[in-house]
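S.K.: Quick note on this note's numbering: the sequence shown kicks off at 5 and runs consecutively.
Note that CB positions come from ideal geometry on N, CA and C, so glycine has one too.
Since the structure is predicted, the reported quantities are computational estimates derived from the model, not experimental observations.
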Amino acid sequence: MKNIRCAIYTRKSSEEGLEQGFNSLDAQYEACSAYVLSQASEGWQLIPEHFDDGGLSGGTLVRPALQRLLAKIAAGQVDIVVVYKVDRLTRSLLDFSKLVEAFDAHEASFVSVTQSFNTTTSMGRLTLNMLLSFAQFEREVTAERIRDKIAASKAKGMWMGGTPPVGYRPNGRSLAIVDEHADTIRFIFEAYVELGHVRALAEHLSARGIVSPVRARANNGATFGGLPFSRGQLYAILRNPVYTGRVAHRDRIYPGQHTAIIDENLWQRVQAKLEDNRQGRHQTRQGGSALLQGLLQDPHGEPLVATHTTKGKVRYRYYVSRSLHHGFAANDQGIRIPAREIEKAVIQALVDLLSDPFKLASKMSLSLAAGRLGSLISQANETANKLRMRNPALVRELLIAVHVHSSRLDLQISAAQLAILLGLDATSDTAAVFTHAVPVRLFRNGCSLRLVYDNNTLVSTDGAEQGLVRTIARGRQWWKMLCETGLDIKDLASREGVTASWMTRVVRVAFLSPRIIDAALAGTLRAEIGSTDLIGPAAIPRLWEEQELLYLPGT
């Protein structure tokens with residue numbers, strides 16, 4: 005019988021009575037240890053270490069004994085946590101869901117001895133799921149309340165905290181101008197009108213030695229800045245209406261309570277030039293339908309150019325290494341990737357990144373006030389939805405470059421631009437770029453490459469491989485004809501204009517496992533499987549289990 009290691013956790017909110025010889029912590033421990041002893045026949049064993057938090061509130065997870073217990077669980081030294089009541093662990097449903105996630109991540113369970121709450125049983129897990137549903141409801145209600153408060157405050161022109169844009173400092177619920185920094189902002193706007201391009205503006209500022217001001221963060225006093233302005237930072241500055249004395253909230257702009265740094269005429273000229281440049285890029289992309297044109301680089305650092313071929317009425321788009329496209333390289337020295345596959349992989353990677361905005365904010369080294377969590381979740385979901393709709397302007401605002409390697413894609417993402425899309429205020433001074441690695445490998449299929457996920461399925465937007473579907477359909481059709489006509493394979497093959505050997509191999513496909521048929525129609529067979537792989541002399545084993553081992557991913 006497997007030994008199940010049990011740890012008892014006890015907690016008391018106040019210090020009153022802890023000096024007594026037998027206090028509340030002792031009573032909890034005694035009841036829990038008796039329960040563990042009653043389960044000895046199931047292999048439960050109590051570990052000797054005590055985890056007692058005396059005089060500590062259940063409203064926080066920052067408790068010494070609880071943190072020691074979580075460390076033990078993470079180290080795989082505890083299988084079950086035993087508590088007197090659930091509220092001894094925490095009084096917050098949100099914290100409770102975090103603890104459950106930590107337990108589940110290391111295959112640990114917990115038991116409440118006085119509430120018949122045991123996540124080692126199906127009923128206990130049902131109860132747990134109900135509690136987590138309420139926790140989700142609590143989070144959503146809190147997020148709505150926060151969003152409403154932020155919207156109402158910004159409608160009044162208030163500054164809602166965070167790191168202020170360059171040129172300003174916090175002044176209560178408003179902003180005050182920092183004259184030295186404001187001069188830099190005015191110069192940036194005026195220089196952009198003269199130069200007309202952000203890339204040229206960045207080079208111009210760098211040549212003049214103009215860098216982002218060194219400032220201190222409000223929450224911890226850490227300094228940042230003092231580096232050359234990146235293109236992402238400059239885009240964020242040029243599009244920020246705060247410099248005109250206004251406050252932005254989502255797609256609305258309200259009069260602010262602070263003083264403008266630039267006048268309305270300069271603002272309008274800059275916005276017009278930005279829009280002209282964007283329309284020019286948009287028209288170029290629309291003409292080639294190439295979402296990632298100019299962003300992709302192959303493993304040798306060579307740009308990938310968009311191209312296409314036409315078969316019949318169907319247009320197939322690809323991204324090809326520039327030297328291969330122009331005939332300067334052999335097929336094995338460049339890469340050729342189906343455009344829709346890599347576009348789907350990149351879009352999905354960005355959407356997945358936005359699914360955990362708290363982790364994303366940490367990865368971007370952004371400070372985040374607790375009162376802004378709801379707004380962050382909402383903005384992340386909104387941005388993800390726009391990406392799912394393949395918004396080309398948004399993709400190009402976020403991505404600096406995409407480096408294609410044999411076993412991954414490296415997405416170079418503009419942290420400053422992403423921050424402003426998420427409604428974070430520290431946009432103009434955020435680190436310029438961060439890299440997000442996507443575990444997708446290249447798989448050669450003929451003269452082109454396919455993208456394959458870790459589970460060995462294709463990154464495909466087209467579902468089933470049509471040649472494979474046709475082979476399965478033909479195999480079933482011929483088998484039905486053999487059954488209905490009474491002809492042998494040689495006669496039917498002669499009537500159909502194929503060889504008997506070919507028909508025999510195709511008819512075998514009719515006896516594939518139903519799971520394989522479903523996977524073929526869904527386009528989720530192993531990446532390397534095509535129609536010709538199913539018609540080899542020994543391609544179809546007799547047993548379905550053996551077939552599934554050959555053709556299904558993860559088996």
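Ser234 lies in the alpha helix (DSSP H); which residues open and close that run?
M.R.: Counted from its first residue, the sequence shown places residue 234 at position 230. That residue, Ser234, is in no alpha helix (DSSP H); it is neither H nor E in DSSP.
S.K.: Please report the residue range of the alpha helix (DSSP H) in which Arg203 lies.
M.R.: Along the sequence shown, read from residue 1 onward, the residue named residue 203 stands at position 199. Unbroken alpha helix (DSSP H) run through Arg203: Val202 to Ala211.
S.K.: Let me check one thing: in DSSP terms, what residues is Gln275 bridge-paired to?
M.R.: Residue mapping note: residue 275 aligns to position 271 of the sequence shown, counting from 1. None; Gln275 has no bridge partner.
S.K.: Report yes if the C-beta distance between Leu130 and Asp99 is below 8 Å; otherwise report no.
M.R.: Counting from one through the sequence shown, the residue named residue 130 turns up at place 126. Counting from one through the sequence shown, the residue named residue 99 turns up at place 95. Result no, Cβ atoms of Leu130 and Asp99 do not sit closer than 8 Å.
S.K.: Using a Cβ distance threshold of 8 Å, determine whether the region 9 to 17 contacts the region 54 to 63, with at least three qualifying pairs required.
M.R.: As far as the Cβ criterion goes, the region 9 to 17 touches the region 54 to 63, which means the pair count is three or higher.
S.K.: What's the C-alpha gap between Val85 and Gly128?
M.R.: As a working mapping, residue 85 is identified with position 81 in the sequence shown. As a working mapping, residue 128 is identified with position 124 in the sequence shown. Approximately 14 Å between the Cα atoms of the pair.
S.K.: To the nearest angstrom, how far is the alpha carbon of Gln352 from that of Met393?
M.R.: Position 348 of the sequence shown, counting from 1, holds the residue named residue 352. Position 389 of the sequence shown, counting from 1, holds the residue named residue 393. Computed Cα separation, rounded: 11 Å.
S.K.: Please tell me whether Gln383 and Leu425 are closer than 8 Å, where the distance is taken between their beta carbons.
M.R.: As a first step, residue 383 must be located in the sequence shown, where it is residue number 379. As a first step, residue 425 must be located in the sequence shown, where it is residue number 421. Going by C-beta atoms, Gln383 is nearer than 8 Å to Leu425.
S.K.: Which same chain residues end up closer than 8 Å to Asp91 when comparing Cβ atoms and leaving out the 5 residues on each side of it in sequence?
M.R.: Residue 91 sits at position 87 when you count from the first residue of the sequence shown. Excluding residues within five positions, the ones whose Cβ falls inside 8 Å are Gly62.
S.K.: By DSSP, does His253 sit in helix, in strand, or in coil?
M.R.: Along the sequence shown, one-based indexing puts residue 253 at 249. Strand, per DSSP.
S.K.: For Pro342, count the other beta carbons within 10 Å of its own beta carbon; 16 or more makes it buried, fewer makes it exposed. Which is it?
M.R.: For the purposes of this step, residue 342 is taken as residue 338 along the sequence shown, with counting starting at 1. Buried, because 16 or more other Cβ atoms sit within 10 Å of the Cβ of Pro342.
S.K.: With distances taken Cα to Cα, identify the nearest neighbour of Arg9 among Ala106, Ile181 and Val82.
M.R.: Mapped onto the sequence shown, residue 9 falls at position 5. When only C-alpha atoms are compared, the closest one is Val82.
S.K.: What whole-angstrom Cβ distance do Phe107 and Ile77 have, given they're in contact under 8 Å?
M.R.: Within the sequence shown, the letter at position 103 stands for residue 107. Within the sequence shown, the letter at position 73 stands for residue 77. Contact flag correct, Cβ pair sits at about 7 Å.
S.K.: Cutting at 7 Å between CB atoms, please list the residues of its own chain near His329, excluding the five before and the five after it.
M.R.: As a position in the sequence shown, residue 329 is number 325, starting the count at 1. Excluding residues within five positions, the ones whose Cβ falls inside 7 Å are Val309 and Thr311.
S.K.: Would you grab the beta carbon distance between Trp483 and Ala514 for me? Rounded to a whole angstrom, and I think it's under 8 Å.
M.R.: Numbered from 1 along the sequence shown, position 479 holds the residue referred to as residue 483. Numbered from 1 along the sequence shown, position 510 holds the residue referred to as residue 514. With a Cβ gap of about 4 Å, Trp483 and Ala514 count as contacting.
S.K.: Going by DSSP, what residue range makes up the beta strand (DSSP E) through Pro342?
M.R.: The residue you call residue 342 lines up with position 338 of the sequence shown. Here the beta strand (DSSP E) through Pro342 covers Arg340 to Pro342.
S.K.: Counting C-beta neighbours from all protein chains within 10 Å, is the total for Tyr239 16 or more, i.e. buried, or is it exposed?
M.R.: In the sequence shown, residue 239 corresponds to position 235, counting from 1. Result: buried.
S.K.: Taking contact to mean 3 or more Cβ pairs, one atom from each stretch, closer than 8 Å, check whether the region 156 to 169 and the region 259 to 267 are in contact.
M.R.: Yes, since at least three Cβ pairs between the region 156 to 169 and the region 259 to 267 fall closer than 8 Å, the two stretches touch.
S.K.: So, under 8 Å CB-CB, Ile520 and Thr508 are touching, yes? Tell me the CB distance rounded to an integer number of Å.
M.R.: In the sequence shown, the residue the question calls residue 520 occupies position 516. In the sequence shown, the residue the question calls residue 508 occupies position 504. Wrong, their Cβ atoms sit about 19 Å apart, outside the cutoff.
S.K.: On the three-state DSSP scale, how would you describe Pro303?
M.R.: Taking the first residue of the sequence shown as position 1, residue 303 is located at position 299. If DSSP states are grouped into helix, strand and coil, Pro303 belongs with coil.
S.K.: What alpha helix (DSSP H) runs, 4 residues minimum, are completely inside the region 28 to 78?
M.R.: Listed in chain order, the complete alpha helix (DSSP H) runs (minimum 4 residues) inside the region 28 to 78 are 28 to 42 and 68 to 78.
S.K.: Where do the N-terminal and C-terminal ends of the alpha helix (DSSP H) with Ile1 fall, by residue?
M.R.: The shown model of the chain, from 5 to 559, leaves out residue 1, and the question about it has no answer.
S.K.: Determine the contact status of Glu23 and Gly58, defining contact as a CB-CB distance below 8 Å.
M.R.: Taking the first residue of the sequence shown as 1, we reach residue 23 at position 19. Taking the first residue of the sequence shown as 1, we reach residue 58 at position 54. No. Outside cutoff.
S.K.: Ala156 to Ser178, Cα distance in whole Å?
M.R.: In the sequence shown, counting from the first residue as 1, residue 156 sits at position 152. In the sequence shown, counting from the first residue as 1, residue 178 sits at position 174. Distance between the alpha carbons of Ala156 and Ser178 is about 15 Å.
S.K.: Report, in whole angstroms, the separation of the C-beta atoms of Leu398 and Val355, which I expect to be a contact under 8 Å.
M.R.: Along the sequence shown, one-based indexing puts residue 398 at 394. Along the sequence shown, one-based indexing puts residue 355 at 351. Rounded, the Cβ-Cβ distance is 12 Å, inconsistent with contact.
S.K.: Secondary structure at Arg454, three-state DSSP: helix, strand or coil?
M.R.: Translated into positions along the sequence shown, residue 454 becomes position 450. In the structure shown, Arg454 sits in a strand (DSSP, three-state: E or B).
S.K.: Quick check on Asn244: buried or exposed, where buried means 16 or more other Cβ atoms within 10 Å of its Cβ?
M.R.: One-based indexing of the sequence shown puts residue 244 at position 240. It counts as buried.
S.K.: Measuring only the C-alpha atoms, how far is Leu402 from Lys102?
M.R.: In the sequence shown, residue 402 corresponds to position 398, counting from 1. In the sequence shown, residue 102 corresponds to position 98, counting from 1. So the two alpha carbons sit approximately 30 Å from each other.
S.K.: Have a look at Gly479 and Leu486 and give me their C-alpha separation to the nearest angstrom.
M.R.: By one-based count along the sequence shown, residue 479 stands at place 475. By one-based count along the sequence shown, residue 486 stands at place 482. Answer to the nearest angstrom: the Cα atoms are 11 Å apart.
S.K.: Comparing alpha-carbon positions, which option in Val215, Glu198 and Gly298 lies nearest Leu278?
M.R.: Here residue 278 is taken as the residue at index 274 of the sequence shown, counted from 1. Per the Cα distances, Glu198.
S.K.: If I'm right that Ser366 touches Ile154 with Cβ under 8 Å, what's the distance once you round it to whole angstroms?
M.R.: Within the sequence shown, residue 366 is the residue found at index 362, counting from 1. Within the sequence shown, residue 154 is the residue found at index 150, counting from 1. Ser366 to Ile154, Cβ: 21 Å. No contact.
S.K.: Under three-state DSSP, which class holds Thr263?
M.R.: Along the sequence shown, one-based indexing puts residue 263 at 259. The answer is coil: DSSP assigns Thr263 none of H, G, I, E or B.
S.K.: For Asn175, which residues does DSSP report across the bridge?
M.R.: By one-based count along the sequence shown, residue 175 stands at place 171. The partner list for Asn175 (beta bridge, DSSP) reads Ser178.
S.K.: Which value, in whole angstroms, describes the spacing of the CA atoms of Arg289 and Asn395?
M.R.: Counting from 1 along the sequence shown, the entry for residue 289 is found at position 285. Counting from 1 along the sequence shown, the entry for residue 395 is found at position 391. Residue placement at Arg289 cannot be trusted, given a pLDDT of 43 that sits under 50; what the coordinates show is reported in the next sentence. Each residue's Cα considered, the two are about 11 Å apart.
S.K.: I believe Leu209 touches Phe233 by the beta-carbon criterion, under 8 Å. Please report the beta-carbon distance rounded to the nearest angstrom.
M.R.: Position 205 of the sequence shown, counting from 1, holds the residue named residue 209. Position 229 of the sequence shown, counting from 1, holds the residue named residue 233. Confirmed, about 5 Å.
S.K.: On a Cα-Cα basis, can you pick out the residue from Ile51, Ile544 and Val246 that is closest to Tyr33?
M.R.: Taking the first residue of the sequence shown as position 1, residue 33 is located at position 29. Checking every option, the nearest Cα to that of Tyr33 belongs to Ile51.
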